[in-house]
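Structure first, then comments.
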Amino acid sequence: MSKGDLAERVYEVIIKEKMVKAGDLILVAFSGGPDSLALLHILRRLQDRLKIKLAAAHLDHGLRGEESAAESQWVQELCKQWQISCYVGYWDGLNNKKTGESPEEAARKARLKFLEEQKEATGAAVIAQGHHGDDQVETMIIRLLNGTGLRGLGGIKAVRPPYIRPLIYCSRRDIMDYCRAFDLNPRIDSSNYSDVYLRNQIRHELIPLLK
906 MSKGDLAERV
916 YEVIIKEKMV
926 KAGDLILVAF
936 SGGPDSLALL
946 HILRRLQDRL
956 KIKLAAAHLD
966 HGLRGEESAA
976 ESQWVQELCK
986 QWQISCYVGY
996 WDGLNNKKTG
1006 ESPEEAARKA
1016 RLKFLEEQKE
1026 ATGAAVIAQG
1036 HHGDDQVETM
1046 IIRLLNGTGL
1056 RGLGGIKAVR
1066 PPYIRPLIYC
1076 SRRDIMDYCR
1086 AFDLNPRIDS
1096 SNYSDVYLRN
1106 QIRHELIPLL
1116 K
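Written out as structure tokens, the structure is:
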């Protein structure tokens, strides 16, 4: 893949799905992982072409101690280097989970609440997330296992206000190739390797078996 390929594909998706308009402030959900790092880098490259402004938002979920604190610091330093405003929050995930709720689900709810609060505070038009095609497959399998109707089988939408997903038609491999092409060094969440979580079991075991 050449350096320009993925950015051009993302640009075409943004235009086709009417994700943004000139003058919009886009708030990027920035964990520091490969998906959000590639997304922020691509949007930064497309910023003049799309005539948009960028900001980033990062929530430390408080579940991985020093590791997540270091990620938060790295995110802030990178945004400063790229001259992008960065809004950072902390959520005490170890003490705020409801009874019977998985840490993953509790963290997801906290993250969405934080992102939507930052959207309102900054006046952003939309929130850009790094969901991609592999996430789409995993989500649809989880919904099938949990029991779903036709609406659930529709998967993750490219646009669901206030959220946009410019990478939704890209693969995880595309994103990793892009990071390598531009010498981007994403932070890797160690919990992604734990098969305690259903999504990781599907990613590491079921999907390779299906392939």
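Converting from the sequence shown to my numbering requires adding 905 to each position, the first position being numbered 1. Note that the Cβ used here is the ideal one computed from N, Cα and C, for glycine as well. Since the structure is predicted, the reported quantities are computational estimates derived from the model, not experimental observations.
Specify, as a first and last residue, the run of the beta strand (DSSP E) that residue i falls within.
i	result
C1084	Premise fails: C1084 lies in the alpha helix (DSSP H), 1077-1086, not in any beta strand (DSSP E).
V1031	1031-1033
L959	958-965
V993	990-995
I1061	Note, I1061: premise wrong, no beta strand (DSSP E); not H, not E.
L983	No beta strand (DSSP E) holds L983; the alpha helix (DSSP H) holding it covers 971-986.
V933	930-934
Tell me which same chain residues have a C-beta within less than 6 angstroms of the C-beta of residue i, skipping the five on either side of it?
i	result
C991	A961, Q981, C984
Residue i and residue j look like a contact to me (Cβ under 8 angstroms); what is the Cβ gap, rounded to whole Å?
i	j	result
L944	A1033	6 angstroms
A1029	I931	6 angstroms
Y916	R954	7 angstroms
Could you tell me which of the options sits nearest to residue i, measuring between CA atoms?
i	options	result
S1076	D940, K921, I919	D940
N1090	G937, V915, E917	G937
L911	L1114, L1115, D1079	D1079
H963	L1111, R1065, W987, S973	S973
H1036	T1027, E1043, I1073	I1073
S927	F1087, K958, D1088, R1065	Here the sequence assigns Ala to residue 927, which means Ser is not the residue at that position. For A927, the nearest C-alpha among the options comes from K958.
L942	V1031, N1051, E1006, I989	I989
K956	M1081, M924, G970	M924
E1021	G1060, W987, I1069	I1069
Can you have a look at residue i and say buried or exposed, based on whether 16 or more other CB atoms are within 10 angstroms of its CB?
i	result
K1024	buried
P1113	exposed
A1026	exposed
W996	buried
D947	Just to set this straight, residue 947 is Ile in the shown sequence, not Asp. That one is buried.
R1092	buried
Mind checking which residues open and close the alpha helix (DSSP H) that includes residue i?
i	result
S941	939-955
Take residue i and list the residues in its own chain whose beta-carbon comes closer than 8 angstroms to its own, dropping the five residues that flank it on each side.
i	result
G998	H966, G967, L968, P1008, A1011, A1012, A1015
E913	none
Q952	K958, L959
Can you name, in chain order, every residue of its own chain whose Cβ lies under 7 angstroms from the Cβ of residue i, other than the five neighbours on each side?
i	result
G1038	I1073, Y1074, C1075, S1076
F1119	This structure gives no information on residue 1119, because the portion of the chain shown stretches from 906 to 1116.
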